[in-house]
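Heads up: the structure comes next, in structure tokens.
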Amino acid sequence: MSKTTTGGRRRFLTGLPAVGALFGLTAAQAAEPAKPAAAPAKKERFPGDPPEHRIVYQLNHAEWEYIEHILNSISAMLTKYEDNVAIAVVVFGPGIHLLAKNPKRDIPAILRQRVESQAKNYGVKYIACGNTMKTIGWDKKEMLDFAQVEEVGAAAIMELQEKGYAYLAW
Numbered sequence: 062m063s064k065t066t067t068g069g070r071r072r073f074l075t076g077l078p079a080v081g082a083l084f085g086l087t088a089a090q091a092a093e094p095a096k097p098a099a100a101p102a103k104k105e106r107f108p109g110d111p112p113e114h115r116i117v118y119q120l121n122h123a124e125w126e127y128i129e130h131i132l133n134s135i136s137a138m139l140t141k142y143e144d145n146v147a148i149a150v151v152v153f154g155p156g157i158h159l160l161a162k163n164p165k166r167d168i169p170a171i172l173r174q175r176v177e178s179q180a181k182n183y184g185v186k187y188i189a190c191g192n193t194m195k196t197i198g199w200d201k202k203e204m205l206d207f208a209q210v211e212e213v214g215a216a217a218i219m220e221l222q223e224k225g226y227a228y229l230a231w
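Structure (structure tokens):
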């Protein structure tokens, strides 16, 4: 390196404390590299606090891969937000068989167990469409105990959105 380049760099580095002083920094602070900002502290929550996040899923198919994708997404939301998320799943059309005690379509038992676990252990609300049930001749007694029944599934989605739920259709 040439002397002029080295001399110029030295002048620059020795001038840093003076520039820092203009901004109220000590010589040591001015020469110190900037520290990354600390991550914001996690907000403390107490039992019974309302969740800050709300989401409603539409589930209207009976194919196991489709159902599995939705259940995996719900699990990911529960992992990320823990008790700080309210989750509802509105089930209609062929998807209604997921919530039936004796489904007429082939729904793997493991998926039905996951749904029950999410409802009972994590408070996920599973809402069955009454119109779909009526169309196939079912009533509340044909549904799993934790399933809620709303007369119109689409109206349930709309009303949840009006309460601040984000809507996710697959």
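Residue numbers 62 to 231, in the working numbering, belong to the letters of the sequence shown in order. Glycine is no exception: its CB is placed at the ideal position from the N, C-alpha and C atoms.
Is W231 buried or exposed, if buried means 16 or more other CB atoms sit within 10 Å of its CB?
-> Your numbering for residue 231 matches position 170 in the sequence shown. When all chains shown are included, W231 counts as exposed.
Opposing strand residues paired with L120 [DSSP bridges] | As a first step, residue 120 is located in the sequence shown; it is residue number 59 there, counting from the start. L120 pairs with V152.
Per DSSP, which residues does I197 bridge with? Please list them.
-> Taking the sequence shown and counting its residues from 1, the one referred to as residue 197 is at position 136. According to DSSP, which records beta bridges pairwise, I197 is partnered with nothing at all.
What does DSSP give as the partner residues of I131 in its beta bridges?
-> For the purposes of this step, residue 131 is identified with residue 70 of the sequence shown, where counting begins at 1. Paired residue(s): none; I131 is not in a bridge.
Considering only the beta carbon of each residue, do R115 and G225 sit closer than 9 Å?
-> Locating residue 115 in the sequence shown gives position 54, counting from the first residue. Locating residue 225 in the sequence shown gives position 164, counting from the first residue. The answer is yes: Cβ separation under 9 Å.
Burial state of G198, where buried means 16 or more other Cβ atoms lie within 10 Å = One-based indexing of the sequence shown puts residue 198 at position 137. By the neighbour-count rule (16 or more Cβ atoms within 10 Å), G198 is not buried but exposed.
Which one or two residues does DSSP pair with M204 in a beta bridge?
-> Along the sequence shown, one-based indexing puts residue 204 at 143. DSSP, once it has assigned bridges, lists A161 as partnering M204.
Buried or exposed by the 16-neighbour rule on C-beta atoms within 10 Å, applied to A161 = Taking the sequence shown and counting its residues from 1, one reaches residue 161 at position 100. Answer is buried; the Cβ neighbour count reaches 16.
Which value, in whole angstroms, describes the spacing of the CA atoms of V146 and S134?
-> Translated into positions along the sequence shown, residue 146 becomes position 85. Translated into positions along the sequence shown, residue 134 becomes position 73. Rounded to the nearest angstrom, the two C-alpha atoms are 13 Å apart.
Tell me, to the nearest whole angstrom, how far the beta carbon of W125 is from that of I168; I am working on the premise that it is less than 8 Å.
-> Stepping through the sequence shown from its first residue, residue 125 is reached at position 64. Stepping through the sequence shown from its first residue, residue 168 is reached at position 107. Correct: roughly 7 Å between the Cβ atoms.
How many Å lie between E129 and L172 at the Cα?
-> Taking the first residue of the sequence shown as 1, we reach residue 129 at position 68. Taking the first residue of the sequence shown as 1, we reach residue 172 at position 111. Rounded to the nearest angstrom, the two C-alpha atoms are 7 Å apart.
How would you label Q222, buried or exposed, when you count the other beta carbons within 10 angstroms and need 16 or more for buried?
-> Within the sequence shown, the letter at position 161 stands for residue 222. So Q222 ends up on the exposed side.
Could you tell me whether the Cβ atoms of V150 and Y187 are closer together than 9 Å?
-> For this step, residue 150 is matched to residue 89 along the sequence shown. For this step, residue 187 is matched to residue 126 along the sequence shown. Yes, the Cβ-Cβ distance between V150 and Y187 is below 9 Å.
Alpha-carbon to alpha-carbon, P111 and T196 | Locating residue 196 in the sequence shown gives position 135, where the first residue counts as 1. Locating residue 111 in the sequence shown gives position 50, where the first residue counts as 1. Whole-angstrom Cα-Cα distance: 36 Å.
Does N145 get closer than 9 Å to chain B when you measure Cβ to Cβ?
-> Although the question refers to chain B, the structure presented lacks it and comprises just one protein chain.
Per DSSP, cross-strand counterpart(s) of Q209 | Numbered from 1 along the sequence shown, position 148 holds the residue referred to as residue 209. Q209 is bridged to I188.
Look up R106 in the DSSP assignment and say whether it is helix, strand or coil.
-> Walking along the sequence shown from the start, residue 106 turns up at place 45. Three-state result, R106: coil.
Through-space distance from P164 to L205, alpha-carbon basis | On the sequence shown, position 144 is the one that residue 205 refers to. On the sequence shown, position 103 is the one that residue 164 refers to. Distance between the alpha carbons of L205 and P164 is about 10 Å.
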